[in-house]
Amino acid sequence: CLNTLVSSFCVVSHSFMAGLEWASMGCSCNIGASPDALPCRTHSRCTRPSCRRAHCAGGSLMPLRTSPGSGQLPPTWTALFLRPDHEAPAANLEAVRQVEELGLHFLFCTGRNRASAQARLRDAVNLSTRPGVFLNGAAVYGKSGSIIHERTVSVDVVVDMLGYAKAHSGKFSVVLCHGDAHFVSDLEERWALHLHKDYDDPEPSSLGGYAAAISTFRGASGGTEPPQKAPRRREPHLLHFIGSREDLDAGRERLEALAGGRVKFVRALPTCLTLLHPLCSKADGLEAALKEFGSTLSEAIAFGDAENDVEMLQGVKIGVAMGNAMPTVKECARWHCAANSAEPPGVAQVLADLLSFVNARGETQGGQS
473 CLNTLVSSFC VVSHSFMAGL EWASMGCSCN IGASPDALPC RTHSRCTRPS
523 CRRAHCAGGS LMPLRTSPGS GQLPPTWTAL FLRPDHEAPA ANLEAVRQVE
573 ELGLHFLFCT GRNRASAQAR LRDAVNLSTR PGVFLNGAAV YGKSGSIIHE
623 RTVSVDVVVD MLGYAKAHSG KFSVVLCHGD AHFVSDLEER WALHLHKDYD
673 DPEPSSLGGY AAAISTFRGA SGGTEPPQKA PRRREPHLLH FIGSREDLDA
723 GRERLEALAG GRVKFVRALP TCLTLLHPLC SKADGLEAAL KEFGSTLSEA
773 IAFGDAENDV EMLQGVKIGV AMGNAMPTVK ECARWHCAAN SAEPPGVAQV
823 LADLLSFVNA RGETQGGQS
């Protein structure tokens with residue numbers, strides 16, 4: 473049965489990119505090992521009789537390699553949602569409305585925080601009233617609008633990373649994210665506002681310089697109050713190390729050695745290296761969110777294109793790599809689809825296929841879906 477869809481916002485471009493047109497020639501009729509699951513765009517090249525059925529009106533997914541399945545479509549989907557200009561296509565929003573009218577659930581997973589994601593969706597979707605996965609799985613909200621699951625980075629890691637950035641002044645900035653709030657040590661640094669200005673992330677607040685930030689996270693006020701009495705900042709949900717592609721490439725090994733396994737590193741942007749709790753991932757967060765609907769990762773289809781999507785693609789029933797995905801992402805996914813150049817938008821195409829499938833199945837089963 474079909475009951476849940478999930479949309480994944482992709483931090484690789486902070487654009488929730490739509491894009492699910494065909495990536496190569498062939499037939500996608502055996503998605504989920506069900507020949508009737510989704511229609512095939514290349515009817516003349518397809519040898520499956522089911523491709524010529526009435527509901528075969530054009531498809532959106534292409535298998536990279538086939539694999540055995542259960543004979544039914546997984547009930548949970550993830551997809552990249554926005555255009556490169558960071559706006560949600562009207563066709564995608566309309567498709568979401570239609571599938572939810574059928575009683576299906578549509579979730580959002582993203583590297584952004586919830587406030588930032590809401591700003592991109594404007595009034596079209598109210599994220600405060602629906603489960604969602606944010607900050608790469610570090611903050612998961614339930615139906616009540618409150619956090620039901622979270623992972624944080626320990627303050628000792630924060631102190632070490634702030635110290636490294638201070639020692640390499642001018643090369644890097646550290647952005648700390650806790651819920652909807654972002655912080656940097658010094659707003660005047662070259663990279664301090666990079667995510668805000670170039671990717672529409674929230675404008676960060678200043679921590680008053682590296683010395684003050686390190687002192688605060690260590691719990692020392694710098695005044696006459698005993699250190700053990702001094703207030704400590706809350707552990708952030710995640711930490712972004714921001715710098716040039718070349719500097720991050722050169723420094724990653726040293727940063728990983730400094731972290732010593734206390735965090736995991738994921739690269740979602742050329743200019744951004746994200747540090748997460750060792751157990752944190754979109755898969756981890758999505759698993760918690762799906763419990764709100766009585767669903768599991770084994771009933772999910774997920775789309776991704778960056779390093780922070782790999783565990784999710786590997787954990788769900790069907791993982792789909794976008795056409796613009798990093799090579800490592802394509803290697804871990806069974807399915808392949810194009811980037812966000814399709815018109816109508818790719819997400820709308822896939823959801824239209826899903827609607828056609830559900831409606832056709834309802835007709836063949838006497839109206840029961």
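The sequence shown: position 286 = 758 (the numbering used here), numbered continuously.
The beta-carbon is built from N, C-alpha and C at its ideal position, and this holds for glycine as well.
One thing to note: P676 has its Cβ within 8 Å of the Cβ of V656.
Around the CB of H650, 16 or more other CB atoms lie within 10 Å, so the residue is classed as buried. Per DSSP, V788 lies in no beta strand (DSSP E) and is assigned neither H nor E. The C-beta separation of V631 from I686 comes to about 6 Å, placing the pair in contact by the 8 Å criterion. For the options L659, V625, L679, the alpha carbon positioned closest to that of S753 is the one of V625. Nearest Cα to P742 within the set G757, A778, K736: A778. Per DSSP, the beta-bridge partners of Y613 are G604, I619. Residue pairing for A653: DSSP places it in a beta bridge opposite H650. Counting C-beta atoms within 10 angstroms of its own C-beta, T601 has fewer than 16 neighbours from the protein chains shown and is therefore classed as exposed. Within the stretch 555-599, the runs of alpha helix (DSSP H) that reach at least 4 residues and sit entirely inside it are, in chain order, 562-573, 586-593. Check the Cα spacing between A755 and each of G617, G614, V568, Q786: the tightest is with Q786. Ranked by Cα distance from F644, the first of T768, T746, S828, S770 is T746. Here F775 is bridged, per DSSP, to V792. For the alpha helix (DSSP H) assignment, the uninterrupted runs of no fewer than 4 residues enclosed by the stretch 732-762 are, from N- to C-terminal side, 754-762. According to DSSP, W663 shares a beta bridge with no other residue. In the structure shown, L727 falls within a helical segment according to DSSP collapsed to helix, strand and coil.
The beta carbon of E759 lies closer than 6 Å to those of L769 in the same chain, with the five residues before and after it left out. With respect to the C-alpha of G609, the residue from E725, V782, E622 having the closest C-alpha is E622. Straight-line spacing of the CA atoms in F580 and A587 works out to 13 Å. Cβ-Cβ distances below 6 Å link A637 to F644, V646 in the same chain, with the five nearest sequence neighbours on each side left out; the list follows chain order.
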